[in-house]
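Per our numbering, residue 85 is the first one in the sequence shown, and the count goes up by one each step. Just so you know, even glycine gets a beta-carbon here, dropped at the ideal spot from N, CA and C. Note that the coordinates shown come from a computational prediction; the quantities given were computed from them, not determined experimentally.
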Amino acid sequence: EIHIKEPIEKEVTPHLLPGELLLCEASTVYKYMQEDGSYRGTYGKLVCTNFKISFLDDDSASDDNEPQFKNKIVGENDITLQCVDQIYGVYDEKKKLLTGQLRKYPEKLIIYCKDLRVFNFCLRYTKEEEVKRIVSGIVHHSQTPKLLKRLFLFSYASAAPNNTDGRNQTVMFETLEDWRDELERTKGNVKYKAVTTNEGYRVSEKLPLYFVVPMCISEESILKYEGRGIPIWCWSCHNGAALLKMSAFPKEQDDSTSQMQKAFLDGIYKTISKPPYELLKLDDLSSSLPSLQDIQTAYTRFKQLFLIDNSTDFWATDVKWFSLLESTNWLEIIRRVLKKAIEVAECLEIQHTNVLLIEESATDLCCVISSLVQVMMDSYSRTKSGFQSLIQKEWVIGGHGFLDRCNHLHKSEKEEAPVFLLLLNCVWQLVQQYPPAFEFTETYLTVLSDSLYVPIFSTFFFNSQHQRDTNKSGESLKTQSGPFRFLTVWDWAVQFDPKAQAFLNNPLYAEKPKPDKSQRKTARFKHQRQLSLPLTQAKPSTKRGFFREETDHLIKNILGKRIGKFINSSDEAPNSLREFYDSWHSKPVDYHGLLLPRIDGPEIKVWAQRYLRWIPEAQLHGGGTIATAAKILDLMEEVQSLQVKMDEEHSQAFSGDVHSGPMLRNSARLSSLFPFALLQRQSVKPALPTSTWKDLEDEDDLVKRDDEFVDLSGDML
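Below you can see the structure in the form of C-alpha cells.
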C-alpha cells in the first residue's frame, strides 16, 4: 500500500545562503517513511549545493506549517554536507554502502546523518540522467576528501554581509587581556602569569598565541621543547589550588634524549611542587581513561541504536534494548570520565593539591576533564556566557583538533573521535541531575551538538588558533580584499529568532542569592536522596544477567523512558574519594557551589532529547520534560505581560487590548519530540509474545485526558 501526495505542480526553488551554489538537482523524487508495511511520503525535488542536500516539496514553499523552533540556516529537510554520516543505495531490496565512483545507480537512497536523522528517497520515478547526476553529486560532495579552503565556511565568509558582532558577552581568549582578566577572576594571578612567548607562533603552531604558566617558568624553558613538558594553567580553585595540563614527550625516544627530557621535567616539577606548601599530583590521562579509539568504537556502536528508519526495526531492537545498550560501553565511558572529574575535584577542594593533567597533545581528554571540573566547581561556567567562554578557552583556543576529530574534510577516519560530544554528554548528566544550577537547558546542549556540522561558523572547523589565523586571509568575492570575517557559533541570533532562543535559556535557573544569613537558613534545598546509591561496598553488585531476568517487568519503561544501564562497580573508588562523594551527597545542594554528579548504577542515563528526538515510536504524547518547560515558558510570558500592564497603570494603555496575553501552547498536545520534531507517524504496536503491552495501554489512557496537565517529566531520562 502506498500513500502518495500528488506531485507538485508549482515550481519550488531552494533558499540559498550567500556564497551557496546549486550543483545538481532531481525532480519527482519520493521522500518516504516506512510504517508497518506501508510507505507514506511526498513527492518533491532533491537538490545538492556546496553547503547542503535539501528536499523541497510543496510544504517548503508555504510558511503555514512553520515550527516554533525553526533553525534559520538548516531547515527540517536540509542536511549539511558535513552532517552526512553514511549513504546507502538499495538495489533489489539489498542495501549497499555508496562511496567513490558508481557503476550502477540505486533505486532508493538512504542517508544517515550525524545528528541521527535518517532520510529515505525513492528514485524509481525520477529520470535516469537526473538519478545519475544527483546520486554521484551527493556522494562526491559529502564523502570524498576535500581541501580546507573548499569548505563552505570560506564561500560564506567571503559573500555574507558582515553585520553581526557575534560576541554576546562570550570571552573569546584571543587577546592577552582576556587571559589576564580570567586570572584575576579566579584569583590565580598571584602564582601564574599570562605569557606572550608564542607571538608569531615562534614556540609552536599547536599552542595558542597567549597562554598562562606558573610564575617560575622561564621563557627559555617554554622554547626548549616547543612547549612540551610545560604545565599550562587551566583554572584556579578558591583555595589557591590550580588545575594544569601538559603535553607529554613522545614515548619512543632514544636513551640520551629521554634522559634529558626526564631531567627537564624533574626541574619543572620541583619549581611547582614545594611541600608542604605547594603539592602537585600528576595524572596521566592516557593510562587512566579509555583511548580515543575505544571512545570512537563505543560511540559508533551506540549511535547505531538510534539510526532507525522504520517501525519494524524499532520494535525488533526494543525487546533487547538493555543488552544492546550495555554492549556499546558508551555509558560506562561517560561514568569513567565523570568519576575522573570527581577525583580531580577532590584533590583541588579537599586536599588543596595542584593537579597536572598529562596527555600526548593535551588537546583531547585534557579538554574534557578540565572543562568538566570547571563546570562542577565554578558556578560561572554554569551560566550561558560562562560555559561558552569555557569552550572557547579550553577547546577552540586550547587547540582541540575539531577538523580531524569530526573528520570534516573526510581525510582520515583514524583521527576521528567524538571527544567534544563526550563532554556534552557528561555536562548533560549534570544538567538533568541539577537543573536549577544551570542557566542553559538540555535543548541548548542539543543545538550546540548540531552546530558541530554547520560550516558557516568557524568555531568548530579548525584544529588550532594558528590554522584559523593563517587561513583568515583571502580575497573576498566582493570588490574589496582582506581577511575573512568568520562567524562564531555563540551568536545564536544567526540560527534562531528570539522566540526560539527562549528554549535555550532555563527559566528555573537559581540566580545567585544575595548574602543574607536569615534567608539562607530558610531556603535550604533538599537533595533528592530517594535516588541514593543503589550499590554499596557491603552488598555485591548484581550479575550482568539482571536485565534478562527483569526485561518483562521493565519493558513498560522503555517507550520514550529508556533508562541508563546498571553499572558493575567492581572498580570501587578509593576510600577518601568515596567519603568525599558520600559526604557531599548527604548534604543539601548549593546550586552555586560544588556540584558532584551521581555516577552509580542507573544514574548515568541516555541523553534522550538528542538521541530519541527523531524516533516517533519513542515519544511521550503530552509528556516529557518539554511539557513542563512549555508550561513554565507560558507562565513567564503571562507574568511579563502582567508586569507590563502594571507598569502602564498610570496611563490609558492599561485599559487597552485585552488579548495582549501570551498564546498558551496546549502542552497535552505536545510530544517529547518537541521542539525538534512534530508528530511524524503513529506506530501500531507489533504482536509481541509478551504481556507487557497491557501496561503500555494503561499509560496511553493518560494521553486522552486533555482537560488536565499530565506531568511525566519525572520519569524521563
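- When only Cα atoms are considered, Asn252 and Gln585 end up about 13 Å apart.
- The closest CA to that of Thr527, considering only Leu661, Tyr175, Tyr695 and Phe504, is found on Tyr695.
- The straight-line gap separating the alpha-carbon atoms of Arg420 and Ser340 is approximately 37 Å.
- Fully enclosed beta strand (DSSP E) runs of no fewer than 3 residues occupy 316-320, 326-331 and 364-368 of the segment 315-373, in order along the chain.
- Separation of Leu373 and Ala332 (C-alpha to C-alpha, rounded to the nearest whole angstrom) is 16 Å.
- Counted as a single uninterrupted DSSP element, the alpha helix (DSSP H) harbouring Pro582 occupies residues Pro582 to Gln585.
- For Met256, the secondary structure class from DSSP, reduced to helix, strand or coil, is coil.
- Pairing Phe524 with Phe580 gives a Cβ-Cβ distance that is not under 8 Å.
- Going by DSSP, Asn509 is part of the alpha helix (DSSP H) stretching over Val503 to Gln517.
- Residue state for Ser220 is assigned as helix, using DSSP reduced to three classes.
- By the neighbour-count definition (other C-beta atoms within 10 Å, threshold 16), Tyr127 is a buried residue.
- DSSP lists Cys132 as the bridge partner or partners of Cys108.
- Gly706 is a Cβ neighbour of Leu754, given a cutoff of 8 Å.
- Pairing Val113 with Leu100 gives a Cβ-Cβ distance that is not under 8 Å.
- Judged by their CB atoms, Met460 and Leu432 are not nearer to each other than the 8 Å cut-off.
- Closest in alpha carbon position to Gly685, among Trp319, Cys490 and Glu410, is Glu410.
- With distances taken between CA atoms, Leu389 lies nearest to Phe406 out of Val503, Arg264, Gly221 and Phe406.
- Take Leu235, set aside five residues on each side of it, and the residues of its chain with a beta-carbon closer than 6 Å to its own are Pro539, in chain order.
- Boundaries of the alpha helix (DSSP H) harbouring Asn659: Asn659 to His669, taken from the DSSP string.
- Proximity to Gln516 across Val503, Thr530 and Phe504 peaks at Thr530, based on C-alpha coordinates.
- Shortest Cα-Cα distance from Phe348 to any of Glu362, Asp338 and Lys308 involves Lys308.
- Minimum Cα-Cα distance from Thr210 among the listed residues Lys115, Glu733, Thr259 and Met256 corresponds to Lys115.
- Taking C-beta atoms as the reference points, Phe544 and Ser533 fail to come closer than 8 Å.
- Straight-line spacing of the CA atoms in Lys365 and Thr467 works out to 29 Å.
- Here Leu181 is not near Tyr189, since their CB atoms are 8 Å or more apart.
- Val215 and Thr280 have their C-alpha atoms spaced approximately 56 Å apart.
- Here Gln118 is bridged, per DSSP, to Tyr123 and Asn394.
- About 58 Å separates the CB atoms of Arg217 and Ala326; that is not less than 8 Å, and the two are not in contact.
- Judged by beta-carbon spacing, Met330 lies within the 8 Å limit of Leu440, meaning their Cβ atoms are closer than that value.
- Taking all protein chains in view, the Cβ of Asn438 is crowded by 16 or more other Cβ atoms within 10 Å, so the residue is classified as buried.
- For Gln727, there is no enclosing beta strand (DSSP E); the residue is part of the alpha helix (DSSP H) that begins and ends at Thr709 to Asp731.
- Spatial neighbours of Ser220 in its own chain (CB-CB distance under 7 Å, excluding positions within 5 residues in sequence) are listed in chain order as Leu186.
- Between Phe135 and Leu165, the CB-CB gap stays under 8 Å.
- Rounded to the nearest angstrom, the Cβ distance from Leu200 to Lys387 is 7 Å, consistent with a contact under 8 Å.
- Excluding the 5 residues flanking it on each side, Ile442 has same chain C-beta neighbours closer than 7 Å at Met330, Ala332, Leu366, Asp367, Asp368 and Leu369, in chain order.
- Secondary structure note for Lys468: its alpha helix (DSSP H) is the uninterrupted segment Lys468 to Ile475.
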